[in-house]
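Its first residue numbered 405, the sequence shown is counted upward by one per residue in the working numbering.
Glycine residues also receive a C-beta, built at the ideal position from the N, C-alpha and C atoms.
First the structure, in the form of structure tokens, and then the observations on it.
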Amino acid sequence: MDKNSMNLIVERVLETIAAQSGASPKPAEEKPAEARAEAENPSLVRKPSTGGAVPPPKDAPVFEDITSKQAKAYPTIDNAADFDSVVRMKGKTPARIGVGRSGPRLKTQTLLTLRADHAAARDAVFKDVDEKLLEQLGLFSVKTCCKDKNEFLTRPDLGRAFDNETIEKIKSECKKDIDVQLILSDGLSSTPIEANAAKILPALEEGLKDKGYSVGTNFFVKFGRVACEDAICEALGAKVVCILIGERPGLATAESMSAYIAYKATVGMPESRRTVVSNIHSAGIPAVEAGAYIADVIEMIMNAKASGVELQK
Ligand code: B12
Numbered sequence: 405m406d407k408n409s410m411n412l413i414v415e416r417v418l419e420t421i422a423a424q425s426g427a428s429p430k431p432a433e434e435k436p437a438e439a440r441a442e443a444e445n446p447s448l449v450r451k452p453s454t455g456g457a458v459p460p461p462k463d464a465p466v467f468e469d470i471t472s473k474q475a476k477a478y479p480t481i482d483n484a485a486d487f488d489s490v491v492r493m494k495g496k497t498p499a500r501i502g503v504g505r506s507g508p509r510l511k512t513q514t515l516l517t518l519r520a521d522h523a524a525a526r527d528a529v530f531k532d533v534d535e536k537l538l539e540q541l542g543l544f545s546v547k548t549c550c551k552d553k554n555e556f557l558t559r560p561d562l563g564r565a566f567d568n569e570t571i572e573k574i575k576s577e578c579k580k581d582i583d584v585q586l587i588l589s590d591g592l593s594s595t596p597i598e599a600n601a602a603k604i605l606p607a608l609e610e611g612l613k614d615k616g617y618s619v620g621t622n623f624f625v626k627f628g629r630v631a632c633e634d635a636i637c638e639a640l641g642a643k644v645v646c647i648l649i650g651e652r653p654g655l656a657t658a659e660s661m662s663a664y665i666a667y668k669a670t671v672g673m674p675e676s677r678r679t680v681v682s683n684i685h686s687a688g689i690p691a692v693e694a695g696a697y698i699a700d701v702i703e704m705i706m707n708a709k710a711s712g713v714e715l716q717k
């Protein structure tokens, strides 16, 4: 047991004894809120105040980076009736609970955190996946019919299609008539590929090979929408196609990836034929675990010779 937890238990026992003997418990100022939060979650790093025009409340820590996990885990609600419970609740969700308010408005820190998270989400949408990472992963790269990011965002139909030249390139570079074709794509955010690809690919490939399936040549699709997997599946004659793609980022994380899987996908097929595994990121389904799980899902799909809604029948 660490020192903080030990101190917390000792304090609570002393409070109970004091209450039973009729003595008044220690005044709140003697046990600052930050100390209780740190005891519950030792990863909360307290930094000394750097000062400023408006000093922070007496016992609130000052975080150098208000978007850090530690800062977000720290309640900014004033006079919480049960501070420890708020710390515990915040530890269970990335939602912005226990943040307090200033009159009817958000506190400055909450507003700034929202703006910083929004900026990270925009970066994730507009940034390209690093070419070096694709090289490291041994992936060749093709582009859909979108000529740039703006066209990608405004024309989902073009993000689902390839020109003939690209289809020929895919056919010439990839193994054909395999069981499973894996594809990576930036989709609506590039950060998930950078955060998860190197972890999910080996786990997924190993999982599939262990089950005895042949896996095709992995590659990357720039400006891809989910349904671009259908044209690829048709071109390569794969039994199952699985695209690992960046999800539209929210304000909780910009690192979330999804896997959309389909059995014998064909261009124009209904969306209900896809199975999705979403929320793949460090605070959702971690990438390695997701790789193993998707391999199990693909096994179910191969056995049932069906995906999406048909798989659930
Ligand atoms: C945007 C979005 C939508 C949009 C998609 C339109 C679009 N082009 O953007 C709309 C509002 C239409 C939508 C509808 C639905 N969605 Co939705 N959607 C999302 C969201 C927020 C982001 C998806 C994304 O970024 N895709 C990547 C980009 C690049 O893909 P895209 O090619 O632009 O768009 C395709 C996909 O988004 C896909 N899609 C979107 N939702 C779903 C759901 C399922 C089950 C499938 C198979 C495909 C699918 O359809 C689009 C067209 O091909 C996710 C949340 C998340 N964390 O992923 C939920 C999410 C994927 N959706 C979900 C659900 C349940 C649905 C609906 C079934 C809701 C309903 N009851 O009607 C429908 C099904 C639609 C379908 N295509 O079959 C769930 C899936 C849960 C699961 N694991 O099975 C998620 C994870 C939300 C959630 N947390 O509950 N969705």
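Bounds of the alpha helix (DSSP H) holding THR558 are 553–558.
Placement of the Cβ of GLY620 at a distance of 7 Å or more from every heavy atom of the ligand B12 is found.
Residue side-chain check: ALA631 places its Cβ nearer than 7 Å to a non-hydrogen atom of the ligand B12. Its chain contains LYS476, ALA656, THR657, ALA687 as the residues whose beta carbon lies nearer than 8 Å to that of PRO498, once the 5 sequence neighbours on both sides are disregarded; these appear in chain order. Secondary structure at THR471: coil, using DSSP grouped into helix, strand and coil.
Under the three-state reduction of DSSP, MET706 is assigned to helix. Beyond the five residues adjoining it in sequence on each side, SER594 comes within less than 7 Å, by CB distance, of ALA528, LYS531, ASP532, VAL533, GLY650 in the same chain, given in chain order. With respect to LEU648, LEU715 sits apart: the two C-beta atoms are not nearer than 8 Å.
Secondary structure note for SER660: it is in no beta strand (DSSP E), with a DSSP letter that is neither H nor E. Contact between the region 686–701 and the region 666–677 is absent: fewer than 3 CB-CB pairs across the two stretches fall below 8 Å. Between PHE627 and ASP567, the C-beta gap is not smaller than 8 Å, which leaves the two residues out of contact. Remark: the C-beta of ARG509 is outside contact range of the ligand B12, defined as less than 7 Å to any heavy atom. In this chain, the beta strand (DSSP E) harbouring GLY650 covers 644–650. Nearest to ILE571 by alpha-carbon distance, out of CYS632, ALA525, LYS551, is CYS632. In this structure, LEU592 has its CB closer than 7 Å to one or more heavy atoms of the ligand B12. Residue side-chain check: ARG652 places its Cβ nearer than 7 Å to a non-hydrogen atom of the ligand B12. Taking 8 Å as the cut-off, the Cβ atoms of VAL680 and ALA635 do not count as close.
Among the bridge pairs identified by DSSP, TYR667 is matched with VAL644.
In this structure the region 510–518 touches the region 468–485; the number of beta carbon pairs closer than 8 Å is three or more. Beta-bridge analysis with DSSP links THR679 to ILE665. Using a 10 angstroms sphere on the CB of GLN474, the tally of other CB atoms reaches 16 or more, which defines it as buried. Under the 10 Å beta carbon count, VAL713 is surrounded by fewer than 16 other beta carbons and is classified as exposed. Counting of Cβ neighbours within 10 angstroms places ASN554 among the exposed residues, the total staying below 16. If you check the C-beta of PRO560 against the ligand B12, you find a heavy atom less than 7 Å away. Around the beta carbon of ALA602, fewer than 16 other beta carbons sit within 10 angstroms, so the residue counts as exposed. Taking a contact as a CB-CB distance under 8 Å, the pair ARG564 and ARG652 does not count as one, their CB atoms being some 16 Å apart. Apart from the 5 residues on each side of it in sequence, MET704 sits with its Cβ closer than 8 Å to the Cβ of LEU715 in its chain, given in chain order. At the C-beta level, SER662 and HIS685 stay beyond 8 Å of one another. Contact between GLY695 and ALA607 holds: their C-beta atoms lie close to 3 Å from each other, under 8 Å.
Taken atom to atom, the span from the alpha-carbon of ASN707 to that of VAL584 is near 13 Å. Following the DSSP letters along the chain, one finds VAL466 in no alpha helix (DSSP H), marked with neither H nor E. Distance from the CA atom of MET673 to the CA atom of SER711, rounded to whole angstroms, is 12 Å. About 4 Å separates the CB atoms of ALA691 and ILE604; that is less than 8 Å, so the two are in contact.
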